[in-house]
Each structure stands twice: as structure tokens, then as C-alpha cells.
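Residue numbers (the numbering used here): 44 to 589. Beta carbons: idealized from backbone N, C-alpha and C, even for Gly. All values derive from a computational prediction rather than experimental measurement. Following: one structure in C-alpha cells, then a few remarks.
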Ligand code: FAD
Ligand code: N01
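Listed below in C-alpha cells is the structure:
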């Protein structure tokens, strides 16, 4: 048992010291709760601690992808670019840890393996890979939605004789690609960000692409002074606007760059002529695809915009066969997490970059010297997996979480994740998830969603303590109704289209139930629902003395 926990159980154990776990420390301390955060990594930052691959950066303007809980913090921190790169975001996390003295409440290099509820004591018993044990009244899972790297099982992969890396678990000391030939599997956001940078460093880069994306240009740049002044002068209004928006980005960043800051599309593509579309393509290039407002509603409109996108690929990429290989087909624009890039398509005009379009013949096996495909063998010294994550449920299901009566979370989620509001599961009293499935989570600016969840959980614990109650968990009917609601509003949108294999649906992990996991109604609507539940005396939750 943790030395702190030996004499007396803790009030709260938080698992994970990314932005969610870090904020939980600050917030829960305000109520004088005794807590401990347990983190597998050696420092704070979560996503930004693990994803150190070259080119990693956020896709939302950093002045909005940052904490809003401290006016002093948001005034003193200076971002250098519109969308900061990983080293800067990690420095920000470290600054927050130092400024608020967070590390003293974190046990690093400790991975939680078991989280068991005791029916006898009403406490959570937490076990770890280094033998430390903890007991707490409440347990908060701040384990991240994109924190379990997915390495696909490919025959022969253990025989590869060179260096092997995963973008989601990049070495702290970095990787020197100079003079080396590199193979990279995967062209999602991580691949798209790292490919241009690796191509500049390596002798040769071979890109194994299974599905091309409808990427948009990042439009990143040094942070404009006038924008910084505008945001800092209006920060409280910016944060308030975020909280009531669709994805957690305010109108103060409109037109700047990054997700959520694009101008509202105003034109219907179905009303345009071929001539007009050609003119728009000449003027706007890849960005043309986001000026139309009928793409979500009409498959025909969507396909017209996709045609424009493909034409732009052909305009940018010199070799016609490579251009054809980079053209997304067979699924609609907008059904996956948007991928934004810096010079991605232009990278394929370099002499030292080869595209292997796996749609023309897939990977058969990995060999000691490279990758064997139906199109031939490709050799390289270094293999990079940019193959994503076991998203949203992965980190939770990797721990042995057991609730009342020893029932496991794996059993509860056998047919897909079931939560009430993405905050709790029935049968798991006093256990909370931050940005869990069933909440806006990965469809939003995560910092906004993290603060909302942690605030809600903290208020809930205070409410129980004030009432002298000891337990809260969802009523199974309320949980079922919420799961249905989450499904119903996603159903029929492009996000659940049959032709779309996104990680939102769990489609990237063999055997994972195909369920759309996040809540699409937006952070503003969702916040109102959560607040309404509290105003109605925690409607849908069972609160009891134990
Ligand atoms: P994480 O940052 O994932 O932290 C979870 C922590 O829990 C990790 O440190 C992990 O080690 C720890 N943990 C997990 N399981 C255990 C265990 N069993 N025991 C102990 N510790 C454990 N979101 C945006 O909104 N905007 C962006 O621009 C954006 N860019 C991204 C770029 C990349 C490359 C990636 C991968 C994600 C990005 N995201 C972005 C999503 C990002 O994950 C969130 O924004 C945010 O950082 C999540 O914070 P978190 O604390 O919830 O989770
Ligand atoms: O992961 P992904 P990611 N053989 O799952 C391919 C956030 N993020 O790490 O599409 C061959 O999107 C797979 O192919 P396919 C953001 O939320 C943000 O890139 O399944 N290929 C795909 O190309 C993002 O959405 C940023 O056909 C295989 C790729 O690997 C999320 O994290 C940056 C394969 C995986 O793409 C995940 O992004 C980075 C196989 N067996 C991450 N298995 C920002 O820009 C998988 N693939 C902010």
C-alpha cells in the first residue's frame, strides 16, 4: 500500500497525469481532498509526453487549446505559433506542474493494473505494476482517449532487424534519421505530420498507405501579435464562448487556422458550375473543400467536393501515378477526424520519397530487411508505425477494473462502451471517467471538455460529502437511455457511414465492437445536459449512504 495510504484511505485516486489528471489535482485540492495521481510515464503531459515524433503539434489554436482555469496562467504564458509543436506544449504542461506544485501529488513510473471495488468497505483498491497499492473513496480515470498505441499484428514483424518505433511512444532522446532509409506504415494525423519532416532528414522514405485522407492545410504561422493581444484582453469571454460552442473553439479565433476556426461555409456546391469550381480551386487549392455547406447532407454534393480535392492532388503531385495513389476514394469527406498538414502532398515530389499505395496490393509480411507486399519487397533500415491508438476504451480495458460483485468493466462493455453521460458506469460506484465514451470528448477541443468533466466530478464529490452520502452510480435505465441517445444522434450522419472506417467507431482495432463512441451534439449542448442533471438532483444517478 502507498505509504500515504497505509494509515488512512485516500479521498481520491486519479489515474493519469496528462492535462486531465493535472487539472484534477488543482481542482480537488480546492476542496481539501486527500488525493494521489498515478502515472505510467516519468513526467506530466500525457499525449505530449509520449508523442514526441517529428512534426507533432496540435490542430487547434494553442491560445484556445490551453487551460482556462487560471487567469494568471493564461496571461503569463506566451505561445510562439498559432498551433504549437509538441516540445512547446510539453513545456507548457511542465510549467503548469511547477507553477501549481502538482508533482508532489503524483507517483510517476507506476502503471495501474487493477482497480477493484470492495463491497465490504465501499473503497476502491488499486494495484500497480511496481507493487504499490492504494485505497480510495473515489477513483477518477484520467487515462486518455489516445494513450494506448496500436501496433497491428503483421506476420514476421518480430524478425525485422532494424530499429522500430511507434509515433505514440517515441523515445525521449529522439531518433536520428540522417543517412538512413525509413519505412513508415500509416497515414493518419501522426503519419501526415511526421512524413514531411522525416523525408527531409532521412536518406529515403517509403510510405505504406492503406487509406489516403482528405487533408487540409494547417495554415500554421508564428503567433500574430494582434491575435495574441485580442485573446489575452478577452480571455474570459473566449473561455465562456468555448464552453457554449460546438467543438470548444470560440469565434475570437475565426479565420486564423486550425480546427474550429474556419469561417462558416456559406455556399452550396450543388448550385455551382464546373467553371466556378475550377476558379475556386485555382484560388483556394485544398481549402476549397471547406467552403461548401451541403457536404454533410448530400452524398452527391460530398462527392463533387471530393472530386475537387482529387483534382487538387493531381495539380500538386507531379508524378501522375503517385498522385492517383494519394487520392482518397470510396468514403465521404468529413466522416473521419480531420487531418491537417504542412506540405504533405508536396513531400511526394521529393526524389527520396516513395509511396506504396496498399490499395493496389497490401502488406503480406514484415521481413528482416523491410516489408513484403503484393506489389513487391521494400527495404529500409528503420520501421515507424504511425498506426494510431486503441482509442477511447483501450486504456480503461487494459486495467482490470471490477465494480460491485466483482463484475468487470470488460463484461459491462462486452458489446461496446456503456456509460451515463460519459462520466460513470452502472455497477461501478464512485468511479468516474474524464472525456469517456458517450461525451463530446475527441470531437472537441479536449482542454475544454477536460475542465468541464473535472469540474463536474469535483462538484459531485463535494455534493456527496456535504450530504453525508458515500456512493453515487448511474441508474441502469438512465445509462441505457443515454447510450441510445448517443447512438441515435450519430446515426444517419456521415460519421457512422458504412463506408467509413474511423477509430471513432473502433474500426481500426480487429474485433472491437463497431459503435460510434463520442457524443456529437457539441460541448455547449452537452454541458447544459450535465448541468440540468445536477439541477434536477443528479437525475439518473443513485446516491446512497454506505
Ligand atoms: P492523456 O494526455 O492521454 O493522458 C493520459 C495519461 O494516463 C497518460 O500519461 C498515460 O500514461 C496515463 N495512463 C493511462 N493508463 C494508465 C495506467 N493504467 N496507469 C497509469 N497511467 C496510465 N486534442 C485536441 O483537442 N486538440 C489537439 O490539437 C490534439 N492534438 C493531439 C495530437 C496528438 C499527437 C494526439 C495523440 C492527440 C491529440 N489530441 C488533441 C488529443 C489529446 O489526447 C488531448 O487533447 C489531451 O491531451 C488528453 O489529455 P488526457 O489527460 O485526457 O489524456
Ligand atoms: O492514427 P489513425 P493517428 N496496415 O488511426 C494505418 C489524434 N492526433 O495516430 O486508415 C496498414 O488516425 C491506418 O490505415 P486505415 C487525432 O485525433 C492528432 O494518425 O485504417 N496501415 C491509418 O492510416 C487523430 O485522429 C494530431 O486504412 C495501417 C493509420 O495507420 C488520432 O490522434 C496528430 C494498419 C492510423 O491512423 C489518431 O491519429 C496525431 C495496417 N495493418 C494524432 N493499421 C494532430 O494533428 C493501421 N494502419 C492534432
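Inter-residue Cα distance where the pair is residue i and residue j
i: residue 44; j: residue 181; result: Note that residue 44 scores 49 on pLDDT, short of 50, meaning its location in the model is unreliable and no value can be drawn from it.
i: residue 48; j: residue 137; result: Model confidence at residue 48 stands at a pLDDT of 43, short of 50, so the residue's coordinates are unreliable; what they give is reported in the following sentence. Between residue 48 and residue 137, the C-alpha separation is close to 26 Å.
i: residue 256; j: residue 210; result: 18 Å
i: residue 113; j: residue 80; result: 21 Å
i: residue 404; j: residue 397; result: 15 Å
i: residue 249; j: residue 354; result: 24 Å
i: residue 229; j: residue 428; result: 7 Å
i: residue 135; j: residue 417; result: 45 Å
i: residue 503; j: residue 534; result: 31 Å
i: residue 564; j: residue 191; result: 26 Å
i: residue 13; j: residue 510; result: Within the shown structure, residues of the chain are numbered from 44 to 589, placing residue 13 beyond reach of any answer.
i: residue 226; j: residue 208; result: 10 Å
i: residue 96; j: residue 125; result: 19 Å
i: residue 55; j: residue 284; result: 31 Å
i: residue 46; j: residue 531; result: In this prediction, residue 46 scores a pLDDT of 42, lower than 50, which makes its location untrustworthy; no coordinate-derived value is stated.
i: residue 442; j: residue 198; result: 27 Å
i: residue 177; j: residue 264; result: 46 Å
i: residue 467; j: residue 475; result: 5 Å
i: residue 154; j: residue 52; result: 19 Å
Range of the contiguous beta strand (DSSP E) that encloses residue i
i: residue 483; result: Where residue 483 is concerned, there is no enclosing beta strand (DSSP E), given that its DSSP letter is neither H nor E.
i: residue 208; result: 206 to 209
i: residue 78; result: 78 to 81
i: residue 171; result: 167 to 171
i: residue 269; result: Counting along the chain, residue 269 falls outside any beta strand (DSSP E), though it belongs to the alpha helix (DSSP H) covering 268 to 276.
i: residue 586; result: 584 to 587
Given residue i as reference, the closest of the options once Cα atoms are compared
i: residue 543; options: 557, 410, 297 and 531; result: 557
i: residue 435; options: 468, 398, 478 and 412; result: 478
i: residue 309; options: 282, 298, 337 and 301; result: 337
i: residue 78; options: 133, 191 and 167; result: 167
i: residue 341; options: 377, 369 and 352; result: 377
i: residue 292; options: 551, 102, 466 and 508; result: 102
i: residue 388; options: 368, 402 and 381; result: 368
i: residue 346; options: 374, 328 and 64; result: 374
i: residue 410; options: 384, 242 and 201; result: 201
i: residue 65; options: 226, 335 and 109; result: 109
i: residue 379; options: 154, 498 and 254; result: 254
i: residue 501; options: 52, 51, 61 and 76; result: 76
i: residue 148; options: 82, 162, 384 and 174; result: 82
i: residue 569; options: 193, 512, 486 and 507; result: 486
i: residue 676; options: 71, 93 and 118; result: There is simply no residue 676 to check, as the chain begins at 44 and stops at 589 in what is shown.
i: residue 508; options: 480, 473 and 536; result: 473
i: residue 361; options: 332, 174 and 394; result: 394
i: residue 271; options: 468, 555 and 106; result: 106
i: residue 594; options: 561, 151, 328 and 159; result: Beyond the ends of the chain as shown, which are 44 and 589, falls residue 594; an answer cannot be given.
i: residue 459; options: 399, 421, 496 and 550; result: 550
i: residue 235; options: 350, 493, 99 and 72; result: 99
i: residue 194; options: 426, 457 and 528; result: 426
i: residue 258; options: 412, 221, 536 and 302; result: 302
Reduced DSSP category for residue i - H, G, I as helix; E, B as strand; rest coil
i: residue 97; result: coil
i: residue 136; result: helix
i: residue 562; result: coil
i: residue 514; result: strand
i: residue 302; result: coil
i: residue 144; result: coil
i: residue 390; result: helix
i: residue 372; result: coil
i: residue 156; result: strand
i: residue 226; result: strand
i: residue 334; result: coil
i: residue 466; result: coil
i: residue 324; result: helix
i: residue 53; result: strand
i: residue 493; result: helix
i: residue 259; result: strand
i: residue 313; result: helix
Extent of the continuous alpha helix (DSSP H) run through residue i
i: residue 287; result: Run containing residue 287: none; DSSP gives neither H nor E here.
i: residue 37; result: With the chain represented from 44 up to 589, any question about residue 37 goes unanswered, as that position is not in the structure.
i: residue 351; result: 342 to 359
i: residue 521; result: 519 to 533
i: residue 180; result: Premise fails: residue 180 lies in the beta strand (DSSP E), 176 to 184, not in any alpha helix (DSSP H).
i: residue 116; result: 114 to 119
Closer than 6 Å: residue i CB and nearest the ligand ZN heavy atom
i: residue 101; result: Within the structure as shown, the ligand ZN is missing, the only ligands being the ligand FAD and the ligand N01.
Alpha helix (DSSP H) segments (min. 4 residues) lying fully within the region 398 to 463: Within the region 398 to 463, the complete alpha helix (DSSP H) runs of at least 4 residues are 437 to 441 and 452 to 455.
Whole alpha helix (DSSP H) elements within the region 231 to 256, 4-residue minimum: Counting whole runs of 4 or more residues, the region 231 to 256 contains the alpha helix (DSSP H) stretches 232 to 244.
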